[in-house]
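Heads up: the protein sequence lines correspond to chains P and W, in order. Under numbering that gives the first Met the number 0, residue 319 is the last one in the first sequence; the count climbs by one each step, no gaps. Under numbering that gives the first Met the number 0, residue 282 is the last one in the second sequence; the count climbs by one each step, no gaps.
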Amino acid sequence: MSATSISKESLKAIMQSKETVVSKGAAMADTEKVEIATVANPAAAKKMTKKTSALLSNKPSKRKAQIYSVLNVVLPPVFGILLLLAVWTLISHQTPSLPGPLKTWHSAVELFSDPFYNHGPNDQGVGWNILASLQRVALGFGLAALVGIPLGFIIGRFEFMSRMTSPIISLLRPVSPLAWLPIGLLVFKAANPAAIWVIFISAIWPMIINTSVGVSKVPQDYMNVAKVLNLSEWKIVTKILFPFVLPYMMTGVRLSIGVAWLVIVAAEMLTGGVGIGFWVWDEWNNLNVEHIIIAIFVVGIVGLLLEYALTQIAKKFSYE
Amino acid sequence: MEKILSQEKINLDKANADRYVQLENVDMTFSTKKGDFNALKNINLSIKEGEFISIIGHSGCGKSTVLNLIAGLTQPTEGLLFCAGREIAGPGPERAVVFQNHSLLPWLTCYENVYLAVERVFGASAEKPESKAKLKARADAALELVGLTHANDKRPNEISGGMKQRVGIARALAMEPKVLLLDEPFGALDALTRANLQDELMKIMAKSGCTAVMVTHDVDEAILLSDRVVMMTNGPSAGIGEILEVKLARPRARLDLAEDKDYNHLRSEVLRFLYERHAKKAA
Numbered sequence: 000m001s002a003t004s005i006s007k008e009s010l011k012a013i014m015q016s017k018e019t020v021v022s023k024g025a026a027m028a029d030t031e032k033v034e035i036a037t038v039a040n041p042a043a044a045k046k047m048t049k050k051t052s053a054l055l056s057n058k059p060s061k062r063k064a065q066i067y068s069v070l071n072v073v074l075p076p077v078f079g080i081l082l083l084l085a086v087w088t089l090i091s092h093q094t095p096s097l098p099g100p101l102k103t104w105h106s107a108v109e110l111f112s113d114p115f116y117n118h119g120p121n122d123q124g125v126g127w128n129i130l131a132s133l134q135r136v137a138l139g140f141g142l143a144a145l146v147g148i149p150l151g152f153i154i155g156r157f158e159f160m161s162r163m164t165s166p167i168i169s170l171l172r173p174v175s176p177l178a179w180l181p182i183g184l185l186v187f188k189a190a191n192p193a194a195i196w197v198i199f200i201s202a203i204w205p206m207i208i209n210t211s212v213g214v215s216k217v218p219q220d221y222m223n224v225a226k227v228l229n230l231s232e233w234k235i236v237t238k239i240l241f242p243f244v245l246p247y248m249m250t251g252v253r254l255s256i257g258v259a260w261l262v263i264v265a266a267e268m269l270t271g272g273v274g275i276g277f278w279v280w281d282e283w284n285n286l287n288v289e290h291i292i293i294a295i296f297v298v299g300i301v302g303l304l305l306e307y308a309l310t311q312i313a314k315k316f317s318y319e
Numbered sequence: 000m001e002k003i004l005s006q007e008k009i010n011l012d013k014a015n016a017d018r019y020v021q022l023e024n025v026d027m028t029f030s031t032k033k034g035d036f037n038a039l040k041n042i043n044l045s046i047k048e049g050e051f052i053s054i055i056g057h058s059g060c061g062k063s064t065v066l067n068l069i070a071g072l073t074q075p076t077e078g079l080l081f082c083a084g085r086e087i088a089g090p091g092p093e094r095a096v097v098f099q100n101h102s103l104l105p106w107l108t109c110y111e112n113v114y115l116a117v118e119r120v121f122g123a124s125a126e127k128p129e130s131k132a133k134l135k136a137r138a139d140a141a142l143e144l145v146g147l148t149h150a151n152d153k154r155p156n157e158i159s160g161g162m163k164q165r166v167g168i169a170r171a172l173a174m175e176p177k178v179l180l181l182d183e184p185f186g187a188l189d190a191l192t193r194a195n196l197q198d199e200l201m202k203i204m205a206k207s208g209c210t211a212v213m214v215t216h217d218v219d220e221a222i223l224l225s226d227r228v229v230m231m232t233n234g235p236s237a238g239i240g241e242i243l244e245v246k247l248a249r250p251r252a253r254l255d256l257a258e259d260k261d262y263n264h265l266r267s268e269v270l271r272f273l274y275e276r277h278a279k280k281a282a
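Written as structure tokens, this is what we have:
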């Protein structure tokens, strides 16, 4: 087996080397022809080179290489997913109450055929639930960005502020997000603002920390430029600090949205209402395990999409 | 009476021109974790208006510190610095700096980098801010001076090291500074590019006639460009060892100088100072 594979490989190598020799020869011939032809007629020269190169390029092997590279990209993830499905099927055979992939798929098809029905506050389509969760995340996360990013700038710019806030941040940052829920309920006396509050407090830290780290890392050279040019504080912020900090900030934003989406499910399980987290809890009470599994996938996919969107935005703003 | 007064004024102006930039008993001590470090001791130097001065010395002798002091980026622990008769209190656009690593802002194009400087100096002055068109003309002229009009819209990471340094020079010159400060401007460039830029800088300086202080560790560069070469002793507590007058006629041509007797004499003077009398122990 191994012997054949080696011989195959070496054959390929030989073929490739031959090809390169051939194509080199072709290239030389091309240039010669071009030189001759340009004297006579430049347009004809172009045509001729095209023709010769088309004749000499080896098409089938090129296509083969393309197929290989595509398979290389596509196959591993497919194998991964198949493995997941296999393990899932195996476990579902051991535990009869856990639905297998096929059963879940049928249930999902049924569920997503009508995602936007509304039968009262406790029975709404999965689409409404996702949207309700997204809205909460957007509110909590938006407020966190509104507070956290400027705060990060101030902390990074002024040593005093950094030292003043560092004990508070170190103390509060490791606290589990849900520990803030009772405080929210107490202060706002309603479930929805409390859930938003939990998102806010858990999403704010990465933005504060990353922004302030970015600001404190602005090279002294740039600040010297600002000093020599005698730039105003406004120009320093807009022309030097902000563009430099933007990539750091975007990393913070991405981490934050990840945390926010992570936390929303847990928060909604506790607060109730409409939302993907509450929906999971509701389906658990109904013992509709298929829907719980679907919810897990939905949460994962939406999180993935949020992350992807923000990465794209970050790429757009990067100056490199 | 009036005549005497005006004569006095002329004398005063002349004296000011002779001491356009002045360092008086400047001491610089940095406080580090291992205690105080006395970098510079008792520096006295007068620079004439329009003069090109090079500061040369082994690395770590405080050359750049002298430059930063003149730029106003650092304040001396003792002593006084003056520029055009006024004490240097902080950095300002009348003393433009060309940084060693060019320090262009990577998110701005070459043009925008230069415009940022021009805008601040000429567009925001309280008396009569210039129009946008005028500012643009200034930025364009500066880039044309260094021969980079074609790179106007390129970002710094899209051009070569030599071009970046040229944009840095254009940015500094666009501010029409009284004094141009160059901190090892060509240190990071290859020998060929460096030679080209030195020749260009010579032409530019001849055109603009502005006073310049350059820090370098390149003996040839120092002699080729300067009217005087300030040689510094080794730190700590570095000082000015000797000042060498370079009385070579301008414009100077690199190739002719290579065989020039005076040039080679000056060159060996500097080398003797650096490697015989103030040789740096191997670190």
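Each residue gets a CB set at the ideal place from its N, CA and C atoms; glycine is no exception.
- For the pair of segments examined, the region 76-92 of chain P was found not to touch the region 241-255 of chain P: the number of CB pairs separated by less than 8 Å stays below three.
- Looking at the DSSP output, W:GLY34 sits in a beta bridge with W:THR31.
- Counting only the Cα atoms, P:TRP179 lies some 30 Å from P:PRO246.
- Using a Cβ-Cβ cut-off of 7 Å, W:LEU72 counts as an interface residue toward chain P, since at least one Cβ of chain P sits closer than that to its own.
- Excluding sequence positions up to five before and after W:GLU244, its CB lies within less than 7 Å of the CB of ARG227, all in the same chain and listed in chain order.
- DSSP assignment within the region 228-258 of chain P yields no whole beta strand (DSSP E) run of 3 residues or more.
- The beta carbon of P:ILE195 sits closer than 7 Å to the beta carbons of ARG135, LEU138, GLY139 from its chain, once the five residues preceding and following it are set aside; these are given in chain order.
- Taking C-beta separations shorter than 8 Å and ignoring five residues to either side along the sequence, the partners of W:SER236 in its chain run ASN37, ALA38, LEU39, LYS40, following chain order.
- Put simply, of W:ALA150, W:MET174, W:ALA173 the residue whose alpha carbon is nearest the alpha carbon of W:LYS163 is W:ALA150.
- Put simply, the CB of W:SER207 is far from chain P, with every gap to its CB atoms at 7 Å or more.
- Not a single unbroken stretch of the beta strand (DSSP E) spanning 3 or more residues falls wholly within the region 150-207 of chain P.
- Against chain W, the CB of P:VAL108 has no partner CB under 7 Å away; the residue lies outside that interface.
- Unbroken alpha helix (DSSP H) runs of no fewer than 4 residues, entirely contained in the region 73-115 of chain P, are found at 100-112, following chain order.
- Contact between the region 288-298 of chain P and the region 17-27 of chain W is absent, with fewer than three C-beta pairs closer than 8 Å.
- With contacts defined by Cβ atoms closer than 7 Å, W:LEU180 and W:ARG253 do not form a contacting pair.
- Per the Cβ contact rule, the region 113-125 of chain W is not in contact with the region 196-216 of chain W (fewer than 3 Cβ pairs under 8 Å).
- In this structure the region 84-102 of chain W lies against the region 165-178 of chain W, because at least three pairs of beta carbons, one per stretch, are closer than 8 Å.
- Contact between P:ILE300 and P:GLY251 is absent: CB atoms are separated by about 23 Å, not below the 8 Å threshold.
- Inclusion of W:ASN112 and W:ARG170 in the CB contact set at 7 Å is warranted, their separation being smaller than that value.
- Judged by DSSP secondary structure, W:VAL212 falls outside any alpha helix (DSSP H) and instead within the beta strand (DSSP E) spanning 210-215.
- Distance from the CA atom of P:VAL174 to the CA atom of P:ALA265, rounded to whole angstroms, is 15 Å.
- For W:GLY240, the enclosing beta strand (DSSP E) covers residues 239-244.
- Here P:MET160 is actually not in contact with P:ILE167; their C-beta atoms are around 11 Å apart, not less than 8 Å.
- Shown here, W:LEU104 sits in coil according to DSSP, grouped into three states, outside any helix or strand.
- At the C-beta level, W:LYS47 and W:ILE54 stay beyond 7 Å of one another.
- In terms of Cβ geometry, P:THR210 and P:ILE148 form a close pair [threshold 7 Å].
- When C-beta atoms of the region 180-195 of chain W are compared with those of the region 209-222 of chain W, three or more pairs fall below 8 Å, so the two segments count as touching.
- For W:LYS279, the three-state secondary structure derived from DSSP is coil.
- If you look at W:SER207, you'll find it in the alpha helix (DSSP H) that goes 190-207.
- Short of 7 Å from the beta carbon of W:GLY240, and not among the five residues preceding or following it, lie these beta carbons of its own chain, in chain order: MET230, MET231, THR232, PHE272, HIS277.
- For the C-beta of P:VAL227, the chain W residues within less than 8 Å are, from N- to C-terminus, ALA70, LEU72, PRO90, GLY91, PRO92, ARG94, ALA95, VAL96.
- With contacts defined by Cβ atoms closer than 7 Å, P:ILE263 and P:SER96 do not form a contacting pair.
- Taking the C-beta atoms as reference points, W:GLY146 is found no nearer than 7 Å to W:LEU188.
- Within the same chain, HIS57, ASN233 come within 7 Å of W:LYS279 by CB-CB distance, once the 5 residues on both sides are set aside.
- Not a single CB atom of chain W sits nearer than 7 Å to the CB of P:VAL244.
- In the structure shown, the three-state DSSP call for P:PHE316 is helix.
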